[in-house]
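Report on the structure given below.
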Amino acid sequence: MKFFIDTANLEEIKRFKQLGVLDGVTTNPSLAAREAGDFRQLIADICELVQGPVSAEVLATDADRMFAEARELATISPHVVVKLPTTREGIRALARCVDAGIRTNMTLVFQPLQALIVARMGATYVSPFLGRLDDIGHDSMDLLQAIRDIYDNYDFMTEILAASLRHPLHVVEAARIGADVATLPPAVFDRLLDHPLTDIGLQRFLADWKKARG
Ligand code: E4P
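Numbering follows this note's numbering, in which position 29 of the sequence shown is assigned residue number 33; successive positions increment by one, without gaps.
Here you go:
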């Protein structure tokens, strides 16, 4: 499973890049709005830093303007993946992006048929928002499993990007189901390697060595 980070903050991205397991970045308008400066320059800087897929979302809600924005975003860097909402207009824009060779990330997916349709149309990534489903009392992993089953039945090329992850167990469950990518908020990325027994065990090894060897 690939790891993306779900932030538009360059300092956070730099911090996680140093770990050596960062494959890409997802942003959305809420995340980008928190960062100062020009959006286009921000996406260019993130692409330069990551040298991997960077999702940048359109703001338009009708297909014509979404496609115009998608074309503009795609000129920023070959690493840009255009994020489109999975609405009827978004689907129409997706068709045009596929024809134009623009890579896409279909976002705000909450049910399996949305995922089936975008895969049939040739989306690069599909983003089921798992945490937001759990927030309203649904079992988000049922959705992820359904998408995995459907995609495996038809050998679709679209990659499943598990999004809206809230805690490390979400990442474990997404990996067990076979999500191709997990996009992690920094707070979850920070906790991927943590276990108190690892810290206690290391302290004990070092203390035993010191006691015996001085
Ligand atoms: C993914 O691409 C989205 O930006 C993100 O995962 C949304 O997460 P949230 O539900 O925590 O806002």
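Every residue gets a Cβ at the ideal spot worked out from N, C-alpha and C, and that includes glycine.
Please tell me whether, using a cut-off of 6 Å, the distance from the CB of asparagine 13 to the nearest non-hydrogen atom of ligand 1 is below it.
As a working note, residue 13 is residue 9 in the sequence shown. False, no ligand heavy atom lies under 6 Å from that Cβ.
Specify whether the region 117-129 and the region 146-164 touch according to this definition: at least 3 beta carbon pairs, one from each stretch, less than 8 Å apart.
yes
Ignoring anything shorter than 3 residues, give me the beta strand (DSSP E) runs that lie fully in the region 47-78, in order along the chain.
58-61
Please report how far the alpha carbon of phenylalanine 43 lies from the alpha carbon of proline 132, in whole angstroms.
Working through the sequence shown from its first residue, we reach residue 43 at position 39. Working through the sequence shown from its first residue, we reach residue 132 at position 128. Answer to the nearest angstrom: the Cα atoms are 25 Å apart.
Can you give me the C-alpha to C-alpha distance between isoleucine 17 and isoleucine 9, rounded to a whole angstrom?
As a working mapping, residue 17 is identified with position 13 in the sequence shown. As a working mapping, residue 9 is identified with position 5 in the sequence shown. Roughly 7 Å between the two C-alpha positions.
Taking the beta strand (DSSP E) that aspartate 10 belongs to, which residues open and close that run?
The count along the sequence shown starts at 1 and reaches residue 10 at position 6. Following the DSSP letters along the chain, one finds aspartate 10 inside the beta strand (DSSP E) bounded by residues 6-10.
Can you tell me which of the three DSSP states leucine 169 falls into?
Against the sequence shown, residue 169 aligns to sequence position 165. In this structure, leucine 169 counts as coil in the three-state DSSP scheme.
Give the straight-line distance between the Cα atoms of threonine 202 and arginine 208, rounded to the nearest whole angstrom.
Here residue 202 corresponds to residue number 198 of the sequence shown, with the count starting at 1. Here residue 208 corresponds to residue number 204 of the sequence shown, with the count starting at 1. Their Cα atoms are separated by approximately 10 Å.
Between the C-alpha atoms of arginine 75 and proline 57, what's the straight-line distance to the nearest angstrom?
Here residue 75 corresponds to residue number 71 of the sequence shown, with the count starting at 1. Here residue 57 corresponds to residue number 53 of the sequence shown, with the count starting at 1. Taking the straight line joining both Cα atoms gives about 16 Å.
Please say whether glycine 135 and arginine 180 have beta carbons closer to each other than 7 Å?
To locate residue 180, count along the sequence shown from 1; it is residue 176. To locate residue 135, count along the sequence shown from 1; it is residue 131. Cβ atoms of arginine 180 and glycine 135: not closer than 7 Å.
If contacts are defined as beta-carbon pairs under 8 Å, then methionine 5 and aspartate 184 qualify, I think. What distance do you get, rounded to the angstrom?
Taking the first residue of the sequence shown as position 1, residue 5 is located at position 1. Taking the first residue of the sequence shown as position 1, residue 184 is located at position 180. Yes, they are in contact, since the Cβ atoms of methionine 5 and aspartate 184 sit about 7 Å apart, within 8 Å.
So for asparagine 109, helix, strand or coil by DSSP?
Counting from 1 along the sequence shown, the entry for residue 109 is found at position 105. It is a strand residue.
Within the same chain, show all residues whose beta-carbon is closer than 8 Å to that of lysine 21, passing over the 5 residues directly before and after it, in chain order.
What you label residue 21 is simply residue 17 of the sequence shown in a count that begins at 1. Cβ neighbours of lysine 21 beyond the five flanking positions: Leu53 and Val54.
Would you report the Cα separation of isoleucine 80 and alanine 167, rounded to the nearest angstrom?
Position 76 of the sequence shown, counted from the start, is the residue given in the question as residue 80. Position 163 of the sequence shown, counted from the start, is the residue given in the question as residue 167. Going by the C-alpha atoms only, they are around 24 Å apart.
Tell me which residue opens and which closes the beta strand (DSSP E) that valine 29 is part of.
On the sequence shown, position 25 is the one that residue 29 refers to. From DSSP, the beta strand (DSSP E) with valine 29 extends over 28-30.
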